[in-house]
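Undergrad:
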Amino acid sequence: MSSVPITGAILASTHLNFPSTHISKLQNPIYGRRSRIRIHCSSSSPDFSSITENFKDAISLTGGALDFQKATTSLSSEQLSSPKKITLVRHGLSSWNAESRVQIDPVLIHQGSSDLSVLTDEGAKQAERCRKALANIHFDKCFASPISRAKSTAEILWQGRKEALIFYDSLKEHFEAEDAKQRYPKEYTTWREDPVNFNVNGTYPIRDLWVTTAETWREILSNPGKSFLVVTHKSILRALVCTALGLGPERFRAIDVNNGGICVLNFNKRGEAMLHSLNMTAHMYTDLTYMH
20 MSSVPITGAI
30 LASTHLNFPS
40 THISKLQNPI
50 YGRRSRIRIH
60 CSSSSPDFSS
70 ITENFKDAIS
80 LTGGALDFQK
90 ATTSLSSEQL
100 SSPKKITLVR
110 HGLSSWNAES
120 RVQIDPVLIH
130 QGSSDLSVLT
140 DEGAKQAERC
150 RKALANIHFD
160 KCFASPISRA
170 KSTAEILWQG
180 RKEALIFYDS
190 LKEHFEAEDA
200 KQRYPKEYTT
210 WREDPVNFNV
220 NGTYPIRDLW
230 VTTAETWREI
240 LSNPGKSFLV
250 VTHKSILRAL
260 VCTALGLGPE
270 RFRAIDVNNG
280 GICVLNFNKR
290 GEAMLHSLNM
300 TAHMYTDLTY
310 MH
């Protein structure tokens, strides 16, 4: 990698908001994308010290970006007490996952979820792999769906932690049935091909899910602490990631998360999100331990 002298400190990133006289040089294609660029910044510059301090504070949270203001719409009506890291985990393999049953039932959408689909032995092993992979990460709280397969996964993940698990009904998945394809063929086709227009008895569950998920985010983010673990279901995870990134319900199938998959989102104090990791699964096949 070449080093191009402009004079001054060496930076490996061009995220800092330097004056326009420097920006034009940084964007000049002559330096190439892999160049190391030296930039001279006068010590008399009124903004430089505050920029570098903000950079040091933000770099661990954002992976190098100084800030991500306006990256997404804020999910909080009030300024948060601190930036937050949210680690999302999908429950381990359930009995219906193993049988490839589609978990969607128009009746249960209105009446709430059931525990007919439970965590399998393989799912428990997946949860244990997640626990080991996250063992070195501090979490202030763990929020989980009270439905059996997610609750059991959360209990395995949270072994050895002091804080009590917190169960939110808003993290439940309301789509369950033994054989939706046969019982509701028309609804099933819409569910698979056009979920945003999936209609049950005059309601649109995916559209409604976006509304309730925004409320769930506000509830989670209002808690004190900087690092939270959330254990829930794939449909809820899809909605959580999409709403955090400002994606509408028409993008429901743009996100996929495996059983035991891990997603990480960072929030600044304004409640704006940056996606750090999506559907991490390396821990399912190796003894990988995540450090942050």
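In the working numbering, each residue carries its 1-based index in the sequence shown increased by 19. The beta-carbon is built from N, C-alpha and C at its ideal position, and this holds for glycine as well.
1) If you check the beta carbons only, do L264 and L99 fall under 8 Å apart?
2) Taking DSSP as the reference, what is the three-state secondary structure of K151?
3) Under 6 Å Cβ to Cβ from Y187, same chain only, skipping five residues before and after it: list those, please.
4) Is M310 buried or exposed, if buried means 16 or more other CB atoms sit within 10 Å of its CB?
5) Can you tell me whether V260 is helix, strand or coil according to DSSP?
6) What does the alpha-carbon distance come out to for the pair S114 and A169?
7) How many Å lie between T71 and K288 at the Cα?
8) Let me make sure I understand the geometry here. Which of V215, G267, A173 has the alpha-carbon closest to that of K144?
9) In the DSSP output, which residue or residues are listed as bridge partners for S113?
10) Judging by CA-CA distance, which residue of G290, R270, G267, T251 is the nearest neighbour of G279?
11) With distances taken from CA atoms, which of I175, V283, K103 is nearest G312?
12) DSSP puts V276 in a beta bridge; with which residues?
13) How many Å lie between Q201 and S93 at the Cα?
14) Please name the residue in N216, L138, Y207 whose C-alpha comes closest to that of R270.
15) Out of L228, A301, S189, which has the shortest C-alpha to C-alpha gap to V276?
16) Determine the burial state of A273: buried for a count of at least 16 other Cβ atoms within 10 Å of its Cβ, exposed for fewer.
17) By how many angstroms is the C-alpha of S95 removed from the C-alpha of T222?
18) So, with DSSP's three-state summary, where would you put N216?
19) Report the three-state DSSP secondary structure of S61 (helix, strand or coil).
TA: On the basis of the data shown:
1) Here the question's residue 264 lines up with position 245 in the sequence shown. Here the question's residue 99 lines up with position 80 in the sequence shown. Taking 8 Å as the Cβ cut-off, L264 and L99 do not qualify as a contacting pair.
2) The count along the sequence shown starts at 1 and reaches residue 151 at position 132. For K151, the secondary structure class from DSSP, reduced to helix, strand or coil, is helix.
3) As a first step, residue 187 is located in the sequence shown; it is residue number 168 there, counting from the start. Excluding residues within five positions, the ones whose Cβ falls inside 6 Å are F162.
4) For the purposes of this step, residue 310 is identified with residue 291 of the sequence shown, where counting begins at 1. Exposed, by the Cβ-count rule.
5) One-based indexing of the sequence shown puts residue 260 at position 241. In this structure, V260 counts as helix in the three-state DSSP scheme.
6) Position 95 of the sequence shown, counting from 1, holds the residue named residue 114. Position 150 of the sequence shown, counting from 1, holds the residue named residue 169. Between S114 and A169, the C-alpha separation is close to 12 Å.
7) Along the sequence shown, read from residue 1 onward, the residue named residue 71 stands at position 52. Along the sequence shown, read from residue 1 onward, the residue named residue 288 stands at position 269. Low local confidence applies: a pLDDT of 43 at T71 is under 50, so the model's placement there is unreliable, and no value is given.
8) Taking the first residue of the sequence shown as position 1, residue 144 is located at position 125. Among V215, G267, A173, the Cα nearest to that of K144 belongs to A173.
9) In the sequence shown, the residue the question calls residue 113 occupies position 94. DSSP output for S113 lists L138 as bridge partner(s).
10) Taking the first residue of the sequence shown as position 1, residue 279 is located at position 260. G279 has its Cα closest to that of T251, out of G290, R270, G267, T251.
11) Outside the modelled stretch of the chain, which goes from 20 to 311, sits residue 312, for which no answer is possible.
12) For the purposes of this step, residue 276 is taken as the residue at position 257 of the sequence shown. V276 pairs with nothing; no bridge assigned.
13) In the sequence shown, counting from the first residue as 1, residue 201 sits at position 182. In the sequence shown, counting from the first residue as 1, residue 93 sits at position 74. Cα to Cα, the separation comes out at about 41 Å.
14) Translated into positions along the sequence shown, residue 270 becomes position 251. The option with the nearest alpha carbon to R270 is N216.
15) Walking along the sequence shown from the start, residue 276 turns up at place 257. Checked all of L228, A301, S189; the closest Cα to V276 is A301.
16) If you number the sequence shown from 1, residue 273 lands on position 254. Classification for A273: exposed.
17) Against the sequence shown, residue 222 aligns to sequence position 203. Against the sequence shown, residue 95 aligns to sequence position 76. Each residue's Cα considered, the two are about 26 Å apart.
18) Numbered from its first residue, the sequence shown carries residue 216 at position 197. In this structure, N216 counts as helix in the three-state DSSP scheme.
19) Here residue 61 is taken as the residue at index 42 of the sequence shown, counted from 1. Bear in mind that a pLDDT of 38 at S61, under 50, signals an unreliable position, so the model cannot answer this.
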